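Notes to accompany the following structure.
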Amino acid sequence: MDLLRSPLQEVISRADKARREHAGNKLELCSIINAKAGRCAEDCKFCAQSCRHSTGAPSYPLKDKDQIIEAAGRAKNIGAEKFGIVTSGNRLNPKEIDSIADAIHSIKKDIGIVPCASLGALDKEELKTLREAGLTRYHHNIETSKRFYPSVVTTHLFEERLKTIEMAKETGLQVCSGGIIGMGETWQDRVDMAETLKSLGVDSVPINLLVPIKGTPYGSIDTISCDDAIRTIAIFRIILEGRIIKIAAGREAVLKDSQALGFKAGANGMLIGGYLTVKGQEVESDHHLVREIERLWSE
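Using the working numbering, the letters of the sequence shown map in sequence onto residues 8 to 306.
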């Protein structure tokens with residue numbers, strides 16, 4: 008089957024079959040906290056938190072341990088099984104690493120939710136510190152294909168991202184890595200991104216749908232169509248087989264009333280409770296969506 012030219016419904020059907028055969032009917036729900044916001048020196052063109060862009064996004068230092076633990080409790084209460092601690096910037100200092108490790112230890116012991124983290128380009132010893140504290144999964148997106156990456160980010164290299172992922176795996180952590188579609192990349196870039204993630208052997212793949220943010224270089228870009236987003240999700244499922252494919256930021260804005268179709272097209276995970284700088288839909292609406300997905304999968 009030519010996945011780029013075949014009728015969309017045929018591609019969806021093949022992706023749904025691949026999900027059922029390789030991943031089953033388990034839906035993974037995750038929630039995150041923006042634990043350190045803004046003031047990022049990197050120049051990622053999509054990001055509201057870069058200090059190079061004028062977006063009016065919040066900016067604050069690392070939240071304290073109690074605030075992070077409290078957010079983990081809220082995540083569990085809304086039905087998330089995994090809780091991600093996310094910080095802006097490409098690196099943290101040793102004091103920040105120790106503080107997050109302390110929070111992870113308490114979350115694992117007292118809250119009963121699986122802790123994940125997205126903290127930039129850490130080295131192996133820092134990743135080991137977090138794993139020993141109880142971290143299960145490390146998140147580090149490759150963002151796009153190797154070819155298109157320099158059009159999106161210039162302050163750090165694609166190879167640096169691959170190195171961080173490889174070190175996380177060597178440390179014994181699961182890896183969550185995906186990227187963003189709708190930044191002007193080609194279909195081949197999307198296919199190449201999926202193939203790269205497959206070769207890396209990552210465990211979970213978040214697909215973000217670009218929401219243009221005023222003040223960023225992508226602030227006036229045309230939003231990807233719902234059909235193209237659905238086809239991309241389906242292609243990722245067919246290529247990545249049994250990995251968790253998670254629809255993250257942009258699902259409400261791009262898919263609108265067709266959100267459930269993304270899960271018929273192969274997705275089996277989503278973020279609930281909002282994103283980093285973009286507000287999600289109400290938790291009640293997410294729970295309604297979960298019930299709709301379960302109904303679709305049972306048909």
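Heads up, the beta-carbon is just placed ideally off N, CA and C, and yes, glycines get one too. Predicted, not measured: the structure shown is a model, and the values here were computed from it.
How many Å lie between threonine 284 and glycine 45 at the Cα?
Residue mapping note: residue 284 aligns to position 277 of the sequence shown, counting from 1. Residue mapping note: residue 45 aligns to position 38 of the sequence shown, counting from 1. Residue confidence for threonine 284 is low, a pLDDT of 48 falling below 50, so the modelled location carries little weight; the figure read from the coordinates is stated next. Answer to the nearest angstrom: the Cα atoms are 10 angstroms apart.
Practice task
Could you pull out every residue in the same chain whose Cβ sits closer than 7 angstroms to the Cβ of glutamate 133, ignoring the five residues on either side in sequence?
Solution key: Residue mapping note: residue 133 aligns to position 126 of the sequence shown, counting from 1. Excluding residues within five positions, the ones whose Cβ falls inside 7 angstroms are Ile104.
Alpha-carbon spacing of arginine 244 relative to lysine 176, whole angstroms:
The count along the sequence shown starts at 1 and reaches residue 244 at position 237. The count along the sequence shown starts at 1 and reaches residue 176 at position 169. Their backbone Cα atoms lie some 22 angstroms apart in a straight line.
Notebook entry, point to check: Going by the CB atoms, is the gap between alanine 79 and isoleucine 107 shorter than 8 angstroms?
Noted result: For the purposes of this step, residue 107 is taken as residue 100 along the sequence shown, with counting starting at 1. For the purposes of this step, residue 79 is taken as residue 72 along the sequence shown, with counting starting at 1. Contact flag unset, no.
Would you kindly check if the distance between the Cβ of cysteine 123 and the Cβ of histidine 146 is under 8 angstroms?
-> Within the sequence shown, numbered from 1, the residue matching residue 146 stands at position 139. Within the sequence shown, numbered from 1, the residue matching residue 123 stands at position 116. Cβ distance < 8 angstroms, so histidine 146 and cysteine 123 count as in contact.
Query raised in the report: For the candidate residues Gly226, Thr151, Met174, Leu207, whose alpha-carbon lies nearest to that of threonine 193?
Result: Locating residue 193 in the sequence shown gives position 186, counting from the first residue. For threonine 193, the nearest C-alpha among the options comes from Thr151.
Quiz item: Under the rule that 16 or more other beta-carbon atoms within 10 Å means buried, what is asparagine 41, buried or exposed?
Solution: The residue given as residue 41 occupies position 34 in the sequence shown. The C-beta of asparagine 41 has 16 or more other C-beta atoms within 10 Å across all chains shown, which makes the residue buried.
Three Cβ pairs or more, each shorter than 8 angstroms: is that satisfied between the stretch 67–77 and the stretch 30–37? no
- With 16 as the cutoff for other CB atoms within 10 Å, does tyrosine 156 come out buried or exposed? Translated into positions along the sequence shown, residue 156 becomes position 149. Counting Cβ neighbours within 10 Å, tyrosine 156 comes out buried, since at least 16 surround it.
I believe methionine 174 touches lysine 116 by the beta-carbon criterion, under 8 angstroms. Please report the beta-carbon distance rounded to the nearest angstrom.
In the sequence shown, the residue the question calls residue 174 occupies position 167. In the sequence shown, the residue the question calls residue 116 occupies position 109. That belief does not hold up - the Cβ atoms of methionine 174 and lysine 116 are roughly 26 angstroms apart, past 8 angstroms.
Give me the Cβ distance between lysine 253 and alanine 274, rounded to the nearest whole Å; I'm assuming they're in contact under 8 angstroms. For the purposes of this step, residue 253 is taken as the residue at position 246 of the sequence shown. For the purposes of this step, residue 274 is taken as the residue at position 267 of the sequence shown. 7 angstroms between Cβ atoms; contact.
> Which partner residues does cysteine 47 have in the DSSP bridge list?
Replying inline: As a position in the sequence shown, residue 47 is number 40, starting the count at 1. Beta-bridge pairing links cysteine 47 to Ser57.
* Nearest neighbour of serine 66, chosen from Ser95, Leu10, Ala256 [CA to CA] -> In the sequence shown, residue 66 corresponds to position 59, counting from 1. The shortest C-alpha separation from serine 66 is found at Ser95.
Worksheet item: Quick one: what does DSSP say methionine 277 is sitting in, helix, strand or coil?
Response: Within the sequence shown, numbered from 1, the residue matching residue 277 stands at position 270. Three-state DSSP puts methionine 277 in a strand.
Check: Which residue spans inside the stretch 151–198 form an unbroken beta strand (DSSP E) run of at least 3?
Finding: 181–183, 186–188
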